[in-house]
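Shown next, in structure tokens, is the structure this report addresses.
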Amino acid sequence: MMEEFARLFKAVDETTKTSQKVSALVQYFANCDARDAAWAVYFLTGRKIRQLVPSQKLRAALRVKTGIPQWLFDEAYEVVGDLAETIALLADNATNQNAQTPPSRSSLSLTCWVEDRLLGLKKLDELEQQSKLIEYWDELNITEKFIFTKLITGNFRVGASQQLVVKALSQLTGVSEDSITHRLAGEWSPTCDFYRALIHQDTKDSDKSRPYPFYLAYPLEVDYDQYSKQENFFDWSIEWKWDGIRSQLIARDGESFLWSRGGELISSGFPEIMEASKYLPDGTVLDGEILAWANGDAMPFQFLQKRITRKSVTKKMLAEIPGALMAYDLLEWQGVDIRSEPFSQRRKLLEKLIDTIKMENPNSVLMVSPIVPADSWQDLLSKREDSRKLKVEGLMLKRASSAYGVGRRKGDWWKWKIDPYLVDAVLIAAQPGHGRRASLYTDYTFGVWQNEDLIPVAKAYSGLDDSEIRKVDAFVRKNTLGRFGPVRTVKPELVFELAFEGIQASSRHKSGIAMRFPRIARWRMDKPASEADRLETLQNLANS
Amino acid sequence: MSDSNNLIYPTDKGLYCQAADVYVDPWGKVERAIITHAHSDHARWGSQNYLCAEPGEKVLRYRLQNAPNVESMPYGKTIERNGVKISLHPAGHILGSAQARFEYKGEVWVVSGDYKLNPDPTCALFEPVKCDTFITESTFGLPIYKWPEHEELFEDINSWWYKNKSEGRNSLILCYALGKAQRILAGLDTSIGPVYTHGAVEVLTEIYRQSGLNLPATIKIQAGVKLEPGSIILAPPSVQNSPWQRKLQPVSVAFASGWMQVRGIRRRRSFDKGFILSDHCDWNSLLTAVKESEASQVLVTHGYADVFSRYLQTEMGIASSILSTHFAGESVMEQEEVLEEVSEVIEETE
Ligand SMILES: [Zn+2]
Ligand SMILES: [Zn+2]
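In the order they appear, the protein sequences are chains A and H.
Its first residue numbered 28, the first sequence is counted upward by one per residue in the working numbering.
Its first residue numbered 63, the second sequence is counted upward by one per residue in the working numbering.
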């Protein structure tokens, strides 16, 4: 029922305690039919349906329902910081005024709300859509209104991660977390059959396309000097950390599948890799990084991005930006899951496999991520300096004896990134954040100097602590120069050191550059705005 | 609006009725002050003579550190100063909170202080007072604010407590020590378990009792007091994440405030639970109060003053402008700081 789903949402949303979230999830799934459960899993694990009604039309429907003028809506939106929540609150406030009876909770099933009502909106013309929206809002209580509207806008996010859902389902059914994670990977439709398969006791899943859950590395946070003293260098296998798209290439039963870490099937985007996969024997799963690769060298990530943002890949693009798979692990071999074998063992098999393929097909785009040629921790330190030249992000340290784990587990795999680039930039605009930070100005735009002007070069959201965020928020409110929707431009006064991973020339941006992963490193309270960096500096970096 | 031709206008010391030579809730030191209620942004030290509504006298005396010059009068009684008729009327905000009515040469002004229309067993219900000019706060002057019904809210609070108890946890509600704590206390289902208080809450609760209110028994947390498992504790917001709070483990922490209406604020402060409970008006209450006052002019103070005033003008056709005061409530952060300040002051005076 929508009612129960709303109650679950509330329970999960309002607590910060994992154990309470999990117990709310267990309770929900225990009392829920398979169809509703499938949709619940779908939404709770962050899967979305495409926005069904444009924001403008949602606002218009709300205006018709409540009579609230545009300017008042904007004021409310600014305080709330989330469109669906603003709409839910305003609609709810209007409901009690007019209706004789307050809205009862909705006893219709979640499935019915989603499949009949929500997805049904798409087929309606504008006026019908409007009257349906109003009708639906009137049937729902405040939390349900919020959820329903959030689902329409296509960005429903809850304080429950996939991990918590997996934990809860595992607790409820006794099926191992690994199996459930495995079954959740990839593409699926939220049907009752799916849900039944998800919690099925027989864990020999038949679905041949399924990737394994990706094992993730932690950033190296130990003291290098000490670590190198306590760890034997030769217990470790060290590779470059490639800057591409993490993916699994699967060959089973005469078919191949390419999955991204985000759980998307991207086979059609990389025909050259699919071609190469024909040489893989059945029952093989490779883990690696898709790279744009030309003339024995990686191309910057931006090129690869061009490939993935296009729906179809043209011949021209295949020629200009050739894709390749830099494999670094073998998860399944001859149809057997070998993830619990030591890494050194898996790697040996992988090397042999790729060698064989290269012999049959010298043009294969399958490669093995080379071992960094170092012979001591000391030596490694200097090799790490080559990272930028090689267009890699740094190093990957893998314990030779380690199994391929699930999720993120500390101690066996480390990523050791090279230090980021730094730039001092001036805060020039801000807008409210979302979710947890909806009431605060937390999304910032930064500029650097070109002559007398500040040219926007980066947007950044993270990097400040709560008290700093509050201070910046207060500054933004007191020093607003102009307002453009939720965005406020501010007096150019505050300077921040931004860190970023890479920089590229870009014709799409006014600044002529595009930064990769910009984030706030620290607040330079010591620097006046006039001493922030100049655009030329960044342009030189991009062109070097 | 600092026009000194008006019956009441703001000066650098506060809202001033020149004809009567009286200030309402002055922030500067004055000779004669009418205090609408004892919250720290309205009741400040240093003036020579204070007048408040009778039910709030004890609380005000305590908050002004037993100043000798505090007088009170019953709601509805009229006194006259220099031809100005002055009376106090229930504002429904906290015990003894009042709206101050001024009548001079046939013109009536009402300074409402902080007020709410929702029922509250710890204070007299708000009384609409007809006037020509109504001065209103607007802390929650946006249509996103709608307070839940009393029964629904307290069912929510009590079942949260009950659930925590049955899962072996204590329940801590962070709330304003003056007014809100006692309002919550009055609504608790004490058959669930005992109620403990932080010292700042206890001392004010005791003054409420001395003022004639019948409130459930409370136990002050102090050295030697052992918490019964599954208890509920009322404490000011400043104890969040303090060593004091850690002693209550295992504990689920709730915050009771009108700000809890917005999810982002709820989540940012990482409470386990937010109760939407305010002693101010929600949007519809503000509109109702304005309508019932039948005022032709409405002056708006702390809160979303610009928004509410604009709405009154453009959507309701009522003459309105913003009155700038030193009362708190501009933003969540300021509100929180006031809360902290209040609880610190109280702790100091204990
Ligand atoms: Zn107050
Ligand atoms: Zn106030």
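In this text, a Cβ means the ideal position worked out from N, Cα and C, and glycines have one as well.
Note the first and the last residue of the continuous alpha helix (DSSP H) segment covering A:ALA61.
61-71
Excluding sequence positions up to five away, which residues of its chain have a Cβ less than 6 angstroms from the Cβ of A:GLU524?
LEU449, ASP451, ALA548, ARG549 and ARG551
Got a sec: is the Cβ-Cβ distance from A:VAL503 to anything in chain C below 7 angstroms?
Annotation note: the requested chain C is absent from the structure, which comprises protein chains A and H.
Tell me whether H:PRO205 is buried or exposed, calling it buried when 16 or more other Cβ atoms sit within 10 Å of its Cβ.
buried
Give a yes or no on whether the minimum CB-CB distance between A:GLU105 and chain H is below 7 angstroms.
no
Between the C-alpha atoms of H:LEU126 and H:PRO291, what's the straight-line distance to the nearest angstrom?
37 angstroms
When the Cβ atoms of the segment 159-166 of chain H are set against those of the segment 316-335 of chain H, are three or more pairs found closer than 8 angstroms?
no
Among the residues of its own chain, which have a CB less than 6 angstroms from the CB of H:ASN68, if the five just before and after it don't count?
none
For A:HIS536, verify whether its CB is less than 6 angstroms away from any heavy atom of ligand 1.
no
Between the segment 501-517 of chain A and the segment 85-97 of chain H, do at least 3 Cβ pairs fall closer than 8 angstroms?
no
DSSP puts A:SER283 in a beta bridge; with which residues?
A:ALA278
Short Cβ contact (7 angstroms threshold) for A:ALA33 with A:THR170
yes
Hey, quick one: how far does the beta strand (DSSP E) through A:LYS425 stretch, first residue to last?
419-426
Alpha-carbon spacing of A:PRO483 relative to A:PHE502, whole angstroms
19 angstroms
For H:THR98, which of helix, strand or coil comes out of DSSP?
coil
Does the beta carbon of H:LYS192 come closer than 7 angstroms to any beta carbon on chain A?
no
When you check each C-beta in the segment 153-175 of chain A against every C-beta of chain H, which residues fall closer than 7 angstroms?
none
Taking the alpha-carbon of A:ASP143 as reference, which of A:MET326, A:LEU154, A:ASN182 and A:LYS159 has the nearest alpha-carbon?
A:LYS159
Between the C-alpha atoms of H:ARG343 and H:PHE188, what's the straight-line distance to the nearest angstrom?
Looking at the sequence provided, one finds Cys at residue 343 of chain H rather than Arg. Cα to Cα, the separation comes out at about 11 angstroms.
DSSP three-state call for A:TRP215: helix, strand or coil?
coil
Where does A:MET353 land, buried or exposed, given buried means 16+ other C-beta within 10 angstroms?
buried
What residue does the alpha helix (DSSP H) around H:THR259 start on, and which one ends it?
Careful: H:THR259 lies outside any alpha helix (DSSP H), inside the beta strand (DSSP E) at 257-259.
Assign A:TYR431 to one of three DSSP states: helix, strand, or coil.
coil
Presumed contact (8 angstroms Cβ cut-off) between A:LYS537 and A:LYS268, rounded CB distance:
Incorrect: roughly 32 angstroms between the Cβ atoms, too far for contact.
Give me every residue whose Cβ sits closer than 5 angstroms to any heavy atom of ligand 1, in chain order.
H:HIS101 and H:ASP176
Are the Cβ atoms of A:PRO545 and A:ALA485 separated by less than 7 angstroms?
yes
Please find out if some non-hydrogen atom of ligand 2 comes closer than 6 angstroms to the beta-carbon of H:ASP182.
no
Just to check, is the beta-carbon of H:ASP103 closer than 6 angstroms to a non-hydrogen atom of ligand 2?
yes
In chain order, what are the residue ranges of uninterrupted alpha helix (DSSP H) at least 4 long that sit wholly in the segment 116-183 of chain A?
153-166 and 169-180
Boundaries (first-last residue) of the beta strand (DSSP E) holding A:ARG474:
The sequence as given places Gly at residue 474 of chain A; Arg does not occur at that position. 468-477 is the extent of the beta strand (DSSP E) around A:GLY474.
Ligand 3 heavy atom lying under 6 angstroms from the CB of H:VAL360
Ligand 3 is absent from the structure shown, which contains only ligand 1 and ligand 2.
List, in order along the chain, the chain H residues whose C-beta lies closer than 9 angstroms to that of A:PRO96?
TYR373, THR376 and GLU377
By DSSP's criteria, H:ARG163 is part of a beta bridge. Which residues make up the other side?
H:SER149 and H:VAL172
Which of the residues in the segment 333-367 of chain H, read from start to end, lie with their CB under 9 angstroms from any CB of chain A?
PHE333, ASP334, LYS335, GLY336, ASP344, TRP345, ASN346 and TYR366
H:ASN131 to H:ASN111, Cα distance in whole Å?
5 angstroms
Within a Cβ cutoff of 8 angstroms, which residues of the same chain sit near A:PRO519, ignoring the five residues on either side of it in sequence?
VAL453, LEU454, ILE455, GLY474, LEU481 and ALA556
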